[in-house]
Amino acid sequence: MFDYMKIPPFCAVSNTIFKKLFYDNADLNKTDRDLFTEQIDKIIWAYSFKPETINIKPYKDEEREYSEIEIIEVKLLTVGKTKRMAEIIMRAIPYPMLLVFTLNNKIQLFTAHQRTNLADPSRNTIEEFIFTDWIDMESLTDKDKRLLEGLEIKKLSHLNYYRFYSDIVDKLIIYNASKLIDGYIEGKTAAEVKEIYDRVVEVDEVVKSLKLRVKSETQLNRRVEMNIEIKRLKMRENELLRELTN
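The opening residue of the sequence shown carries number 4 in the numbering used here; numbering runs sequentially from there.
Structure follows, in structure tokens:
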């Protein structure tokens with residue numbers, strides 16, 4: 004994974020982040036503690052991008068302050084609730100980060116923009132998680148390679164840390180949507196892609212729900228109505244997917 008990014012060596016940190024940091028600062032309940040104890044092997048602060056290590060300017064506005072960006076690797080013992088782990092880690096460490104979960108030869112990437120919590124400036128508000136499915140590093144698809152190659156540091160914006168991090172987030176958005184179609188999405192902004200992708204996901208969830216209801220429905224006329232609605236929604240889903248390719 005990191006070989007693809009071609010990170011300058013002076014950005015390397017390679018320090019272990021002990022679980023005690025999260026036990027002491029993240030207000031974990033027993034379920035969360037068990038998650039860390041039973042499913043996480045080690046957490047490593049892999050790389051840090053800050054003015055002393057790479058020539059990118061800090062960013063600050065009324066909503067957010069990005070003074071540095073981290074890459075944190077989480078080595079897992081077993082496949083677990085990675086989204087919950089990501090939430091805990093990102094809330095405890097107040098910097099935008101690329102979170103890399105690893106298990107054997109597979110990785111899963113998590114990102115999320117952060118905003119300053121106006122009620123408590125010492126804490127950040129985590130925005131929507133953008134994350135990939137598990138990627139098998141020993142059996143990469145063309146789309147997997149396209150994502151990883153796109154994360155090469157020199158291909159990311161060096162205007163400021165907000166743009167730098169936004170480029171990482173945007174590449175995950177386009178990758179996730181590209182997995183739904185033939186080929187790779189070109190010529191659309193990540194915002195445009197995400198809007199369509201979110202609508203596809205929403206329609207797909209309704210279809211799945213209707214299919215479950217059809218199985219338990221005893222009235223024939225209701226089953227017919229639901230199947231007609233499923234077909235209509237599938238047509239709408241296909242229309243949205245075509246928008247991704249146009």
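Where a beta carbon is used, it is the ideal one built from N, C-alpha and C, also for glycine.
Put simply, of L102, H116, I138, N127 the residue whose alpha carbon is nearest the alpha carbon of I110 is I138. The Cβ atoms of V77 and Y50 lie no closer than 9 Å to each other. For I91, the secondary structure class from DSSP, reduced to helix, strand or coil, is helix. The continuous stretches of beta strand (DSSP E) do not include M4, and DSSP gives it neither H nor E. Counting along the chain, no beta strand (DSSP E) covers M140, and no H or E run does either. DSSP, read as helix, strand or coil, puts K45 in strand. Per DSSP, the unbroken alpha helix (DSSP H) holding L215 starts and ends at 193-219. By the Cβ neighbour-count rule, F13 is exposed, with fewer than 16 other Cβ atoms within 10 Å of its own.
Counting of Cβ neighbours within 10 angstroms places P99 among the buried residues, the total reaching 16 or more. Selection L80, I47, F134 evaluated against L106 yields L80 as nearest (Cα-Cα). Residue state for A180 is assigned as helix, using DSSP reduced to three classes.
Under DSSP, T105 takes part in a beta bridge, and its partners are K78, I110. Closest in alpha carbon position to T119, among L112, I129, N230, is I129.
Closest by C-alpha distance to R149, out of L112, D123, S70, S181, is S181. Annotation for T248: the continuous alpha helix (DSSP H) segment containing it runs 223-248. Comparing alpha-carbon positions, the option among Y200, I10, D37, E195 lying closest to K22 turns out to be D37. The C-beta distance from W48 to I10 rounds to 13 Å, too long to fall under 8 Å, and the pair is not in contact. Here F39 really is in contact with F25; their C-beta atoms are around 6 Å apart, less than 8 Å. Approximately 6 Å separates the beta-carbon atoms of Y168 and Y69; this is inside 8 Å, confirming the contact. Here F52 carries a strand assignment [DSSP, helix/strand/coil].
CA-to-CA, the gap between K197 and K33 works out to about 35 Å.
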